[in-house]
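If you read the sequences in order, they're chains B and P. Positions in the first sequence are counted from 1; adding 11 to them yields my numbering. Positions in the second sequence are counted from 1; adding 16 to them yields my numbering. Okay, so here's the structure we're looking at.
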Amino acid sequence: MTTATVTGKPEEPVVATKNYLTEGGVTLRSWLLTRDHKRIAILYTLSITLFFFVGGAAATLIRLNLVTPSGIFTPDIYNRLFTLHGVIMVWFFLIPSIPNTMGNFLIPLMIGAKDLAFPRLNLLSWYLYVGAGFLALFAIVIGGVDTGWTFYTPFSSLYSNGYVVLALAAVLAVGFSSILTGLNFIVTTHRMRAPGMTWYRLPVFVWSNYATSVIMVLATPVLAITLILVAAERLLKVGIFDPALGGDPLLFQHLFWFYSHPAVYIMILPGFGVISEIVPCFARKPLFGYKFVVWSSIAISVIGFFVWAHHMFVAGISLYAGLVFSLLSYVIAVPSAIKVFNWTATLHKGWISFDAPMLYALGFIGLFTIGGLTGLFVANLAFDVHVTDTYFVVAHFHYIMVGGMVSAYFGGLHYWWPKVTGRLYPEWWARIAALLIFFGFNLTFFPQFILGYLGMERRYYSYPPEFQAWNILSSAGASVLAVGYALPFFYLGWSLFRGKRAGANPWAATGLEWQTPSPPPTHNFDRTPTVSRPPYQYRPEPEPQDV
Amino acid sequence: MGSLQLLPPSASAHAADMDWLFAALLGVSAFILLLVFGLMILFCIRYRKGSKVERGNRLGRTWRVEVAWTGLTFAAFLVLYFWGANLYVRIHSPPGDATDIYVVGKQWMWKIEHPGGQREIDTLHVPVGRPVRLVLTSQDVIHDFAIPAFRIRQDAVPGRYETLWFTPTEVGEYRLFCAEFCGTWHARMGGTVVVMEPSDFQRWLDSQDPGPSLAQEGEALFRSYGCSGCHGGSSTVHAPRLEGLFGRPVPLEGGRTVIADDRYIRDSILMPKAEIAAGYPPVMPSFAGQIGEDDLLKLVAYIKSLADKTADSVERPAP
Chain B
12 MTTATVTGKP
22 EEPVVATKNY
32 LTEGGVTLRS
42 WLLTRDHKRI
52 AILYTLSITL
62 FFFVGGAAAT
72 LIRLNLVTPS
82 GIFTPDIYNR
92 LFTLHGVIMV
102 WFFLIPSIPN
112 TMGNFLIPLM
122 IGAKDLAFPR
132 LNLLSWYLYV
142 GAGFLALFAI
152 VIGGVDTGWT
162 FYTPFSSLYS
172 NGYVVLALAA
182 VLAVGFSSIL
192 TGLNFIVTTH
202 RMRAPGMTWY
212 RLPVFVWSNY
222 ATSVIMVLAT
232 PVLAITLILV
242 AAERLLKVGI
252 FDPALGGDPL
262 LFQHLFWFYS
272 HPAVYIMILP
282 GFGVISEIVP
292 CFARKPLFGY
302 KFVVWSSIAI
312 SVIGFFVWAH
322 HMFVAGISLY
332 AGLVFSLLSY
342 VIAVPSAIKV
352 FNWTATLHKG
362 WISFDAPMLY
372 ALGFIGLFTI
382 GGLTGLFVAN
392 LAFDVHVTDT
402 YFVVAHFHYI
412 MVGGMVSAYF
422 GGLHYWWPKV
432 TGRLYPEWWA
442 RIAALLIFFG
452 FNLTFFPQFI
462 LGYLGMERRY
472 YSYPPEFQAW
482 NILSSAGASV
492 LAVGYALPFF
502 YLGWSLFRGK
512 RAGANPWAAT
522 GLEWQTPSPP
532 PTHNFDRTPT
542 VSRPPYQYRP
552 EPEPQDV
Chain P
17 MGSLQLLPPS
27 ASAHAADMDW
37 LFAALLGVSA
47 FILLLVFGLM
57 ILFCIRYRKG
67 SKVERGNRLG
77 RTWRVEVAWT
87 GLTFAAFLVL
97 YFWGANLYVR
107 IHSPPGDATD
117 IYVVGKQWMW
127 KIEHPGGQRE
137 IDTLHVPVGR
147 PVRLVLTSQD
157 VIHDFAIPAF
167 RIRQDAVPGR
177 YETLWFTPTE
187 VGEYRLFCAE
197 FCGTWHARMG
207 GTVVVMEPSD
217 FQRWLDSQDP
227 GPSLAQEGEA
237 LFRSYGCSGC
247 HGGSSTVHAP
257 RLEGLFGRPV
267 PLEGGRTVIA
277 DDRYIRDSIL
287 MPKAEIAAGY
297 PPVMPSFAGQ
307 IGEDDLLKLV
317 AYIKSLADKT
327 ADSVERPAP
C-alpha cells in the first residue's frame with residue numbers, strides 16, 4: 012500500500028518555489044537569527060534529537076551494566092549515568108519534545124496565523140534551551156553530579172560532591188525556556204486565530220498544547236524557587252532543607268513534586284494531542300467525543316496540581332494527607348481513561364488504514380493504557396508502600412513517558428514529515444521501525460514490573476543474583492529498542508534527499524496546516540484562511556477534503 | 017543466573033493482604049485492558065480500509081456513552097482506592113504490645129538497637145509471630161528501610177522519627193534493602209532480616225553482649241548532659257517532671273494538646289521553644305547539634321521507661 016492509494020488522488024508534485032526553507036536565505040546566520048516559528052522548530056528538532064541520543068546512550072550503558080548482578084561500572088559512574096539519563100531525558104527531551112518541535116511548527120499553521128505571537132521570545136527560548144543543555148552535560152559528565160534527576164535534599168544540598176549547583180543552574184535556565192514557550196502558545200492561541208476559528212473548532216493538538224502551556228507557566232516558577240533554595244543551602248549553608256541546619260527535607264519534596272508531577276502532564280498532554288490528530292485521519296472519521304477529549308485535557312492540567320504528594324506515601328507525610336492525595340490521584344485517572352475510550356470509539360465504523368503514523372498511534376494507545384492502569388497501582392496507598400522506589404515505578408513511568416510520549420513523538424514526526432520537509436518517508440521502513448519499537452519497548456519494560464514487585468530497588472548498580480534473569484530479558488529488549496530508535500534517523504535522513512515529493516496534503520487530512528503547500532511559505536498562508544466547520548470532518552471514502 | 021521468579025517470599029501478616037490487593041488491581045486492569053485491546057483489534061480488523069461491512073447508523077450523540085464509561089470507570093477506581101486506603105491505615109497502626117526496635121540509617125549501613133541494649137549492623141533479628149515496631153531515623157541523608165518479603169518500607173528521614181511495624185509469620189532469612197538513593201554505595205546498603213522461633217530469639221538475645229539497656233544508657237546520658245539538673249526531683253528550677261509523661265497528653269501554651277511520643281520528646285530536646293508545656297517558663301536551651309542520633313534514641317528510651325513511674329517512686333539522681 013503506497014501513500015498515493017491512501018490519498019486516492021494523483022500526486023501533485025507541486026513544490027512551492029518559495030518556502031520557509033529557501034526564503035530568507037540558506038546561510039547559517041539566516042538560521043541562527045531566524046524568527047520564523049518553522050525554522051525555530053527545525054532548530055529545536057535537531058537539538059532535541061541530539062539530546063535524545065545522549066540520554067539514550069546513557070540508558071544503553073545502564074542496561075549494559077545491569078546484565079550482571081555485580082555490575083560492570085563503578086557505583087559512582089553508574090550513579091552519574093542515571094543522573095545524566097534522567098536530567099537529559101526529562102528536561103531536554105520529554106518536556107520540550109512535542110511542544111517545541113511540532114507545537115512550534117504547527118500551532119500557527121493550525122489556527123491560520125502567520126507566526127507565534129512573540130517570535131523573538133521563541134528564538135530566545137531556543138538559545139536558553141541549547142545553552143542550558145550543554146551546561147547540564149558539562150555539569151554531569153565533567154562535574155560528576157550523582158543526585159538523580161530528583162535532587163533530593165539533604166543529599167543534593169550537603170552531601171553530594173559533584174557540580175550540583177551548575178546542574179541546578181542548567182535546569183533553572185531550561186525552565187525559563189519552557190515558560191517562554193508556554194507564554195507564547197497561550198497568547199498565540201488567544202489572539203491569533205483565523206476568522207471563524209472558534210475555540211471548539213480548534214484541533215485537539217492546539218488544545219493540548221494550550222493546556223500544557225498553562226502548566227508550564229504556572230508550575231515551572233515553583234521549580235525555579237526550589238532549585239534556588241537548594242543552591243542557597245549548598246553555597247551559603249542557609250538551613251532550609253537540612254535538619255542539621257534547622258531545615259526540613261520533606262519541604263523539598265513537596266516543592267519539587269509540586270512542579271514535577273504537573274511536569275509529567277507537560278510531557279504527556281502534547282502526546283494526547285498528536286494521537287487525536289492521527290487517529291481520526293487514518294480512521295477517516297471525526298474524533299469521537301471532541302468536547303470530552305478537550306475538557307479532559309483541561310481537567311488534567313488543573314487536577315494535576317493537586318496530586319503531588321502521591322510521590323511521598325512512605326516519605327513521612329501524615330496518614331490523612333496520604334488518604335487525600337491517593338483519592339485525587341484516582342480522580343485524575345478518569346480523564347485519561349476518557350481519552351482512551353474516545354480514541355477507541357473513533358475506530359468504530361471507520362475506514363482504517365495502517366500507515367506508520369497510525370501504527371505509532373495504536374501502539375501509543377496500548378502502551379499508554381498499560382502505563383495509566385499501573386498508575387492506579389502506584390496511586391494505591393497500600394500497594395505503593397511495597398513498590399515505591401522499585402523498578403515497578405520505573406516501568407510504570409517509562410510506559411507513560413517512553414511507550415506513550417516517545418511513540419506519540421515518532422507518530423507525529425512521521426505524520427507531519429511531508430508537511431515539514433515536502434518529502435514522503437519510506438513507508439515500509441517506517442512500519443518496521445514502529446513494530447520494532449513496540450516489541451522492543453515491551454520486552455524492555457514489562458519485566459521491570461515483575462522485578463519491582465520482587466523488590467528490586469531503583470538506582471542500584473548491583474543487585475541480588477535472583478533478579479538476573481529478568482534483567483537480562485530487559486536488557487535484550489533495550490537492544491531491540493535501540494535499533495528501532497536508530498532506524499528513523501537513517502531513513503528519514505535519506506528521504507530528505509530522495510523521498511518522493513509530498514504535495515500539500517498527502518494524507519487527505521483536514522486541518523488548516525494541510526491547506527498550504529509543503530513545505531509552507533514563510534508567511535504560512537497566501538491569504539488568511541477562513542474557517543466555517545468543526546475539525547475532523549472526515550468521510551469514510553477517501554477523497555480530497557476542503558475547508 | 018536464577019529463574020524467572022514471579023512473587024517474592026511472603027513472610028509477614030501484611031504480605032498476604034498485599035498480594036490479594038495486587039490480584040484485585042491486576043483483575044480490574046486486565047478487564048479494562050482486554051476491553052480496550054479487544055475493541056481496538058476488533059475495529060481494526062472489521063473496519064479496515066476496503067472491507068465491505070455496513071458502516072451506516074453511527075453513534076450520533078455521544079454524551080450518554082461518555083457519562084456511562086466515565087461513571088463506571090470512576091466507580092471501579094473508588095473500590096480500589098478504599099481497599100488500598102484501608103490496608104494503608106492498618107499498615108500504619110501498630111498494636112500496643114509491639115516491641116520497639118530502633119534503627120538509625122547512615123551512609124551506608126543500618127545500625128539497629130534492641131530495647132535490651134543488643135546492637136547489630138545490617139542484620140535485624142526478630143521473633144516469629146510477635147509484632148515489632150521499628151523507630152527509624154537517619155544520621156545524614158534520607159534512606160529507606162525496605163523488606164520486600166514483608167511488603168513494607170518506610171523512609172528514614174534525618175531529623176524525624178518514622179515508624180514501621182510488622183508481624184513476621186515465617187521463620188527464615190529475608191533481604192533488607194535501602195530504597196532511597198543515598199550516594200555511592202546505595203546499592204550495597206542492605207542486609208538480612210532473620211526471623212527466628214521465639215525461643216531461638218531469646219537465646220540469640222542472651223548470647224549477645226548484654227551491656228546496659230538503652231534506657232540505662234539513656235539514664236547515664238540524662239545526667240551527663242545535665243538534663244537532671246532541671247528535670248530531676250531535687251532541682252530548684254521549675255521544669256516539667258518526666259515520670260509518667262510518655263504516651264500521655266501534654267497541654268501546651270496556647271491551648272493545644274499533644275501526645276508525648278518519640279517525636280515530641282526528640283523535638284523538645286532539640287527545639288524546646290517549639291512546643292512549650294503549659295505553665296512552664298520557656299527557659300530550656302536547645303541541644304541541637306550537641307546530641308547525636310544514637311544518644312537521642314537512648315534518651316527517648318529512658319524517658320519512655322519512666323512512663324509507668326510516678327515522680328515519687330523514682331530515686332532522684334544527684335544533680
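Ideal placement from N, C-alpha and C gives every residue a C-beta, glycine not left out.
- Positions of the alpha helix (DSSP H) runs, each at least 4 residues long and wholly inside the stretch 235 to 323 of chain B, are given as 260 to 294 and 301 to 314 in order along the chain.
- If you look at residue 426/B, you'll find it in the alpha helix (DSSP H) that goes 418 to 432.
- In terms of beta-carbon proximity, residue 473/B lines the interface with chain P, with at least one pair separated by less than 8 Å.
- Following the DSSP letters along the chain, one finds residue 170/P inside the beta strand (DSSP E) bounded by residues 168 to 172.
- Rounded to the nearest whole angstrom, the CA to CA distance from residue 154/P to residue 107/B is 38 Å.
- Inter-segment contact for the stretch 482 to 494 of chain B and the stretch 431 to 440 of chain B is absent: fewer than three beta-carbon pairs are separated by less than 8 Å.
- Not a single CB atom of chain P sits nearer than 8 Å to the CB of residue 530/B.
- Residues of chain P with a Cβ closer than 9 Å to the Cβ of residue 30/B do not exist, since the nearest Cβ in that chain sits about 31 Å away.
- Straight-line measurement puts the Cα of residue 319/B at about 22 Å from the Cα of residue 350/B.
- For residue 246/P, the enclosing alpha helix (DSSP H) begins and ends at 244 to 247.
- Comparing alpha-carbon positions, the option among 168/B, 60/B and 137/B lying closest to residue 501/B turns out to be 60/B.
- Here residue 184/P carries a strand assignment [DSSP, helix/strand/coil].
- Separation of residue 263/P and residue 289/P (C-alpha to C-alpha, rounded to the nearest whole angstrom) is 20 Å.
- If you draw a 10 Å sphere on the C-beta of residue 105/B, you find 16 or more other C-beta atoms in it, and that means buried.
- Along the stretch 96 to 124 of chain P, the positions whose C-beta sits under 7 Å from a C-beta of chain B are 96, 97, 100, 101, 103, 104, 105, 107 and 108, read in chain order.
- Under the three-pair Cβ rule at 8 Å, the stretch 168 to 181 of chain P counts as touching the stretch 140 to 160 of chain P.
- Contact annotation: residue 277/B and residue 236/B have beta-carbon atoms that are not nearer than 8 Å.
- The shortest CA-to-CA distance from residue 283/P to any of 296/P, 300/P, 295/P and 232/P is the one to 300/P.
- For residue 278/P, the three-state secondary structure derived from DSSP is helix.
- The beta carbons of residue 549/B and residue 295/B sit closer together than 8 Å.
- Within its own chain, the residues whose Cβ lies closer than 8 Å to the Cβ of residue 91/B, once the five positions on either side in sequence are excluded, are 151, 152, 155, 156, 157 and 173, listed in chain order.
- Going by DSSP, residue 346/B is part of the alpha helix (DSSP H) stretching over 330 to 358.
- Going by DSSP, residue 162/P is part of the beta strand (DSSP E) stretching over 159 to 163.
- The Cβ atoms of residue 152/P and residue 178/P sit closer than 8 Å to each other.
- A straight line joining the alpha-carbon of residue 202/P with that of residue 81/P spans about 50 Å.
- The closest CA to that of residue 330/B, considering only 248/P, 106/P and 65/P, is found on 106/P.
- Note on geometry: alpha-carbon atoms of residue 241/B and residue 252/B lie some 8 Å from one another.
- Residue 78/P places its beta carbon 8 Å or farther from that of residue 478/B.
- Judged by DSSP secondary structure, residue 119/B falls within the alpha helix (DSSP H) whose first and last residues are 115 to 122.
- Residue contact with chain B for residue 300/P: absent (no Cβ-Cβ distance below 8 Å to any residue of chain B).
- Judged by DSSP in its simplified three-state form, residue 287/P adopts coil rather than helix or strand.
- Closer than 7 Å at the C-beta level to chain B, one finds no residue of the stretch 261 to 290 of chain P.
- Selection 316/P, 183/P and 261/P evaluated against residue 131/P yields 316/P as nearest (Cα-Cα).
- The stretch 330 to 346 of chain B makes no contact with the stretch 403 to 416 of chain B: fewer than 3 CB pairs, one atom from each, lie closer than 8 Å.
- Using a Cβ-Cβ distance cut-off of 8 Å, the stretch 220 to 238 of chain P and the stretch 179 to 186 of chain P are not in contact, since fewer than three pairs of beta carbons, one from each stretch, lie closer than that value.
- Check the Cα spacing between residue 207/P and each of 125/P, 62/P and 92/P: the tightest is with 125/P.
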